[in-house]
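Numbering (the numbering used here), first residue to last: 132 to 243.
Where is the CB? At the ideal position from N, CA and C, for every residue including glycine.
See below for the structure under consideration.
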């Protein structure tokens, strides 16, 4: 399997307590891994512009910059979501809008 086959983009949209923020700051100093997830990819804070992110990802897949050396791939993109149903509806629409003939965005909602 290729090194960049699977990439995580994690967004934390809930309000953080002061102690959590202080913990992130303390554990994030020159760390090579995210202090919340212990993954190499960093956690993003706040609500993202999913439409923009999906269109940029689509463009990067087509021009070969997302997976260097691979252009115009027939690709499946899984979008996993856990949160309020109102945002789920918007995110599902953004996935449908971003899908093209060669790049399909699939939406999955976690329920627990």
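Between residue i and residue j, what straight-line distance do the alpha-carbon atoms span, to the nearest angstrom?
{"i": "residue 201", "j": "residue 143", "result": "30 Å"}
{"i": "residue 156", "j": "residue 182", "result": "30 Å"}
{"i": "residue 242", "j": "residue 217", "result": "14 Å"}
{"i": "residue 172", "j": "residue 139", "result": "6 Å"}
{"i": "residue 223", "j": "residue 169", "result": "28 Å"}
{"i": "residue 227", "j": "residue 146", "result": "29 Å"}
{"i": "residue 101", "j": "residue 154", "result": "Past the edges of the chain, shown from 132 to 243, lies residue 101, and the structure says nothing about it."}
On the CB-based measure, 16 or more other CB atoms within 10 Å of its CB, does residue i come out buried or exposed?
{"i": "residue 213", "result": "exposed"}
{"i": "residue 189", "result": "buried"}
{"i": "residue 197", "result": "buried"}
{"i": "residue 229", "result": "buried"}
Could you check how far apart the C-beta atoms of residue i and residue j are, in whole angstroms? I think they sit under 8 Å.
{"i": "residue 205", "j": "residue 233", "result": "5 Å"}
{"i": "residue 165", "j": "residue 151", "result": "Not a contact, Cβ separation roughly 13 Å."}
{"i": "residue 193", "j": "residue 238", "result": "Incorrect: roughly 21 Å between the Cβ atoms, too far for contact."}
Span of the alpha helix (DSSP H) holding residue i?
{"i": "residue 218", "result": "216 to 229"}
{"i": "residue 249", "result": "It is not possible to answer for residue 249, since the shown part of the chain is limited to 132 through 243."}
In terms of residues, what are the limits of the beta strand (DSSP E) holding residue i?
{"i": "residue 139", "result": "From DSSP, residue 139 is part of no beta strand (DSSP E); its letter is neither H nor E."}
Any Cβ of chain C within less than 9 Å of the Cβ of residue i?
{"i": "residue 141", "result": "No chain C is part of this structure, which consists of one protein chain only."}
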